Amino acid sequence: MKTNRTWQGVRMRRVMAGADPDSPFRLVTLPAAWDDTAASALAALAPGDGPITLAEVADHWVRPIAERALRAGIEAPLAERLHRLLLLRRGAPTEPIWQGLVGPSPGFVLNLVSFHDPEAGFDSAAFAEAVETAVTALTLASPSAGRIAVTMANLAGLLALLGIEYGSDNSLAVARALAAILRGRAEAASGALARQFGPLAPASPDWPAPPVETPVAGLDEAAQAARQAAASGDGLRHIALTSIGEPELADALLGVETGGISPAFSPLDEAGRLTRDAKAWLAARGLTAEAALAELLAGRDPFPTPGAAAHIAMHDAVAPFVHTMPARPELTRQPAHAARRRELPPRRAGYTQKAAVGGHRLFLRTGEYDDGALGEMFIALHKEGAAFRGLMDNFAHAVSLGLQHGVPLEAYVEAFTFTRFGPAGAVEGDPAVAQATSLLDYAFRHLAANYLGRRDIPEAEVEEADTVGNGSRDNAPLLPLDLPAEASPRARRRGFRVVSK
-8 MKTNRTWQGV
2 RMRRVMAGAD
12 PDSPFRLVTL
22 PAAWDDTAAS
32 ALAALAPGDG
42 PITLAEVADH
52 WVRPIAERAL
62 RAGIEAPLAE
72 RLHRLLLLRR
82 GAPTEPIWQG
92 LVGPSPGFVL
102 NLVSFHDPEA
112 GFDSAAFAEA
122 VETAVTALTL
132 ASPSAGRIAV
142 TMANLAGLLA
152 LLGIEYGSDN
162 SLAVARALAA
172 ILRGRAEAAS
182 GALARQFGPL
192 APASPDWPAP
202 PVETPVAGLD
212 EAAQAARQAA
222 ASGDGLRHIA
232 LTSIGEPELA
242 DALLGVETGG
252 ISPAFSPLDE
262 AGRLTRDAKA
272 WLAARGLTAE
282 AALAELLAGR
292 DPFPTPGAAA
302 HIAMHDAVAP
312 FVHTMPARPE
322 LTRQPAHAAR
332 RRELPPRRAG
342 YTQKAAVGGH
352 RLFLRTGEYD
362 DGALGEMFIA
372 LHKEGAAFRG
382 LMDNFAHAVS
392 LGLQHGVPLE
402 AYVEAFTFTR
412 FGPAGAVEGD
422 PAVAQATSLL
432 DYAFRHLAAN
442 YLGRRDIPEA
452 EVEEADTVGN
462 GSRDNAPLLP
472 LDLPAEASPR
482 ARRRGFRVVS
492 K
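The opening position of the sequence shown corresponds to residue -8 in this note's numbering, with each subsequent residue numbered one higher.
Structure (structure tokens):
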């Protein structure tokens, strides 16, 4: 298929990608600069299950819209605008349009970050044009829809690029101005379409005036102009046009890191690396990664940590301008112990305890604060399966995070002593614990004895019934279901249980 000229000269790459790890992979061709997350999103968005090329898949939904625009006498170069929005990762429709479906409320996501240029700043004119293009495209894609949803996303990322802290007065002013442009330009486009296809709703000028001043050059003027453009119409083609929604596949395709107007709650991605938003924040503040690390080691966090109050303030700032909003975030009172993380010293005391539970060797390592309080724990296993070792590693990491946020060790001791799973049995190498019903039972008995001075925990009773080989029921196979080599086939069969509901 001949693709739109917008894609000519764009360097592409091919990758095998699937909608999720359990879906069949398909060959995806997309711009070389786009990441694998975008490839997976495209694999899910595109109909069918064969090889796909982004430019061709986009043309499947752009071409019908452009043809309807031509028949309707709309002179704007709609096809070129839509392809360019996608190429620049500025905007894309939601899943039904990619699938060729006509939904009751079609949507279009605009990625605020992609309208920012490092040299020129935020392009308010391009954002305004994108809003009008999205309204026109959704109307032509689903002519009978009285409700459409043009949404802006990645507000936190844009604020990071601008060096504006989320939740500050400046950030609220920027958000109001952006929402005013979104609302004003959407209503202006809907009014123009109403003159051509007939109105479905009266014009609605009763929304707040945008801010008269923002820290972003030209943004306040663009917001005022958008409001004036909306007021010039006599009726609207749509009952509702603008929305702040939950992240969808279109967000992932565009590289959105924070959906809608939500804050970025962590500077790290799923792989433990700095997000693009976090890197942008450091760059805007003139900080290198090395300088940020030095700040952390000095006990100062270089990244702002917005909480629920900041999210609520942002929601309240934007809501008067937007037709459809998510539920208002709730301000919940956090326990005092979880309010702020207590950082461990870079060089800390602790010890390593070697022991064996039911013949299974492990190493329990601790890390301490300067006052001797427990701040972290690690459980290293000797010969268990990789999956079981991974689960124990992550469990210990989760407990360590809890300790550093003030969760008392006593709470963990109460929760995890007497947990029952294999291996279990006599404990060797640790005089503080004689028997344990599981590795976790042993670990927290040991910590209770050495950090809390507790000797009052009742002795563990390991069940002797339902034995497998010469071990107890608590010596059940570990993940990934490795079997004792000495067990007979009959004994192995008795070791498994089928549970039905």
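Built from N, CA and C at the ideal position, the CB exists for glycine as well. In this text the structure is predicted, and so the values were computed from the model without any measurement.
| Asked | Found |
| --- | --- |
| Just tell me which of L273, S257 and L394 has its CA closest to the CA of T296. | S257 |
| Run the CB neighbour count on A60, radius 10 Å, all protein chains shown included, and call it buried at 16 or more, exposed below. | buried |
| With C-beta atoms as the reference, is V53 less than 9 Å away from A70? | yes |
| Taking the straight line between their C-alpha atoms, what separation do you get for E156 and A37? | 37 Å |
| Using C-beta distances below 6 Å, list every residue in its chain close to A67, excluding the 5 sequence neighbours before and after it, in chain order. | none |
| Measure the beta-carbon distance from A346 to E419 and round it to whole angstroms, keeping in mind my assumption that it falls under 8 Å. | 7 Å |
| Using three-state DSSP, classify T(-3) as helix, strand or coil. | helix |
| Applying the 10 Å Cβ sphere with the 16-neighbour rule, what's the burial state of G182? | buried |
| With a threshold of 7 Å on Cβ separation, who are the neighbours of L18 within its own chain once the five nearest residues in sequence on each side are excluded? | R5, M7 and P42 |
| Can you name, in chain order, every residue of its own chain whose Cβ lies under 8 Å from the Cβ of H437, other than the five neighbours on each side? | Q344, A346, L355, D421, A423 and V424 |
| At the level of alpha carbons, what is the spacing between H306 and A10? | 31 Å |
| Taking the alpha-carbon of D197 as reference, which of S391, Q426, L78 and F312 has the nearest alpha-carbon? | F312 |
| Suppose contacts are defined by Cβ-Cβ distances below 9 Å. Is G98 in contact with A32 by that definition? | no |
| Alpha carbon to alpha carbon, how far is L184 from A46? Give it in angstroms, no decimals. | 28 Å |
| To which residues of the same chain is P414 closer than 6 Å at the C-beta, ignoring the five residues directly before and after it? | V348, G349, H351 and N466 |
| On a Cα-Cα basis, can you pick out the residue from I252, P336, T266 and P320 that is closest to R291? | P336 |
| Look at the alpha carbon of A377 and the alpha carbon of F369, and state the distance between them as a whole number of angstroms. | 16 Å |
| Taking buried to mean at least 16 other C-beta atoms within 10 Å of its own C-beta, is D50 buried or exposed? | buried |
| Residues in the same chain with beta-carbon distance under 6 Å from D473, minus the five sequence neighbours each way, listed in chain order, please. | Per-residue confidence for D473 stands at a pLDDT of 46, beneath the threshold of 50, marking its modelled position as unreliable; the derived number appears in the next sentence. Around D473: G376. |
| Can you give me the Cβ contacts of P22 inside the same chain, cut-off strictly under 8 Å, excluding the 5 residues immediately before and after it? | V1, R2, M3, R4, L45 and L78 |
| Between L173 and F294, what straight-line distance do the alpha-carbon atoms span, to the nearest angstrom? | 29 Å |
| Count the other C-beta atoms from every protein chain shown that fall within 10 angstroms of the C-beta of T(-3), then say buried if there are 16 or more, exposed otherwise. | buried |
| Could you give the first and the last residue of the continuous alpha helix (DSSP H) run that contains S181? | D160 to F188 |
| Specify the secondary structure class of A427 as computed by DSSP and reduced to three states. | strand |
| Using only the alpha-carbon positions, how far apart do P468 and G416 sit? | Since pLDDT at P468 reaches only 44, below the 50 mark, its modelled position is unreliable, and the value read off the structure follows with that caveat. Rounded to the nearest angstrom, the two C-alpha atoms are 14 Å apart. |
| Among the residues of its own chain, which have a CB less than 8 Å from the CB of K374, if the five just before and after it don't count? | H351 and R352 |
| Decide if the segment 103 to 117 is in contact with the segment 141 to 160; the criterion is three or more beta carbon pairs, one per stretch, under 8 Å apart. | yes |
| What did DSSP end up calling N577 once you bin it into helix, strand or coil? | Absent from the model: residue 577. The displayed extent of the chain is -8 to 492, so no value can be given. |
| Indicate the three-state DSSP secondary structure (helix, strand or coil) for S14 in the structure shown. | coil |
| Would you mind stating whether R80 and G250 have Cβ atoms separated by less than 9 Å? | no |
| Please state the DSSP three-state secondary structure of A208. | coil |
| Where do the ends of the beta strand (DSSP E) carrying H351 lie? | H351 to E359 |
| Can you list, in chain order, the residues of its chain with a C-beta nearer than 8 Å to that of A300? Leave out the 5 residues immediately preceding and following it. | G158 and L322 |
| Distance check for A136 and A168, CA to CA, integer angstroms please. | 27 Å |
| Quick one: grab the DSSP three-state call for P55. | helix |
| Could you give the C-beta distance for P190 and R228, rounded to a whole number, given that I count them as a contact under 8 Å? | 6 Å |
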